[in-house]
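Note that the working numbering has the sequence shown beginning at 4, numbered continuously upward.
We put the beta carbon where it would ideally sit given N, CA and C, even for glycine.
Inspection log for the structure reproduced underneath, given as structure tokens.
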Amino acid sequence: MATGRTHRPATRGRGIPEATVARLPLYLRALTALSERSVPTVSSEELAAAAGVNSAKLRKDFSYLGSYGTRGVGYDVEYLVYQISRELGLTQDWPVVIVGIGNLGAALANYGGFASRGFRVAALIDADPQMAGKPVAGMPVQHTDELERIIQDNGVSIGVIATPAGAAQQVCDRLVAAGVTSILNFAPTVLTVPDGVDVRKVDLSIELQILAFHEQRKAGEEAADTMPAVAARKQPADKGPDGDVPAVMPA
């Protein structure tokens with residue numbers, strides 16, 4: 004079985020823009036849903052709507068893959084699933100280690116979508132000695148003292164950090180030193196890594212803050228829309244259309 008250390012995705016070598024790479028999982032999710040419903044073909048408009056992008060951008064993205072569809076027919080769903088999966092490196096096995104088995108780490112360990120998307124959780128690792136040997140998602144948690152050995156034995160190139168912020172950089176340094184070249188960081192801190200190491204950060208609090216900004220802006224816009232009506236209701240009855248001049252002059 005192939006592992007992540009011996010095979011890497013071809014997207015960079017083929018010159019696919021990072022923005023396009025970021026949208027490929029969206030297309031794959033939409034296509035997988037269509038495949039599960041036995042839909043044979045899909046138009047660019049239908050697939051774009053399902054993925055949440057516009058159809059022109061989708062067609063441009065697919066042109067980087069060499070896939071242009073068939074006029075009047077659309078795209079072959081099964082072929083696109085294979086093609087995008089291959090570009091993302093999901094047609095092979097990617098062993099992953101999760102470091103930090105608290106509430107978040109345990110939730111990640113129990114997530115059932117990894118295996119179906121080409122990722123195999125090779126080990127769960129935690130610094131707490133009392134966690135060692137404890138089963139989580141059917142796997143025994145291993146101590147961080149075993150981190151380097153686990154990475155080497157399993158050929159791990161992807162690490163997931165779900166530790167507290169204060170421990171994240173040290174864990175990151177050990178992962179990189181052991182050969183991990185891609186890191187998914189859930190810790191609320193910015194990691195420093197050398198060239199050649201990719202980091203993707205997932206910060207739920209930042210996403211919530213962005214949503215709070217949009218909610219505040221929408222509330223402000225609604226308040227602004229009601230101000231003219233309120234001002235009109237408060238205009239004194241003894242003022243004319245020009246303000247201070249009475250509407251009815253004395254005789």
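By how many angstroms is the C-alpha of residue j removed from the C-alpha of residue i?
i: A250; j: Q219; result: Per-residue confidence for A250 stands at a pLDDT of 44, beneath the threshold of 50, marking its modelled position as unreliable; no derived number is given.
i: F65; j: I87; result: 9 Å
i: L83; j: A130; result: 42 Å
i: V183; j: V196; result: 11 Å
i: T166; j: E224; result: 40 Å
i: G141; j: A112; result: 9 Å
i: T35; j: R62; result: 18 Å
i: E151; j: I128; result: 11 Å
i: N188; j: R40; result: 34 Å
i: D176; j: A22; result: 28 Å
i: A2; j: H217; result: Any question about residue 2 goes unanswered here, given that the chain covers just 4 to 254.
i: A110; j: F122; result: 16 Å
i: E149; j: T192; result: 24 Å
i: A180; j: I213; result: 34 Å
i: V76; j: T44; result: 7 Å
i: E49; j: S119; result: 24 Å
i: V205; j: T229; result: 38 Å
i: G116; j: K221; result: 35 Å
i: T147; j: V124; result: 16 Å
i: L56; j: V42; result: Note on residue identity: the sequence assigns Val, not Leu, to residue 56. Between V56 and V42, the C-alpha separation is close to 20 Å.
i: Q155; j: V202; result: 20 Å
i: D198; j: V174; result: 17 Å
i: D96; j: Y85; result: 15 Å
Under the DSSP definition of a beta bridge, which residues are partnered with residue i?
i: D201; result: S185
i: M142; result: V139
i: A126; result: V100
i: G162; result: V100, I186
i: G77; result: T73
With C-beta atoms as the reference, is residue i less than 9 Å away from residue j?
i: L37; j: V100; result: no
i: E90; j: I19; result: yes
i: L207; j: A171; result: no
i: V163; j: V102; result: yes
i: A59; j: A33; result: no
i: P1; j: G158; result: The chain is shown only over 4 to 254; residue 1 falls outside these bounds and no answer can be derived.
i: S46; j: Y67; result: no
i: L107; j: L31; result: no
i: I104; j: V144; result: yes
i: I153; j: A190; result: no
Distance cutoff 9 Å, beta carbons only. Does residue i sit that close to anything in chain B?
i: Y114; result: Considering every chain present, this structure includes no chain B. It has just one protein chain.
What would DSSP say about residue i, mapped onto helix, strand or coil?
i: T147; result: helix
i: V45; result: strand
i: D206; result: coil
i: N57; result: coil
i: G108; result: helix
i: T28; result: According to the sequence as given, residue 28 is Pro; it is not Thr. Correct three-state label for P28: helix.
i: R40; result: coil
Exercise. May I ask you to verify whether the region 128 to 145 touches the region 69 to 76, counting CB pairs closer than 8 Å and requiring at least 3?
Key: no
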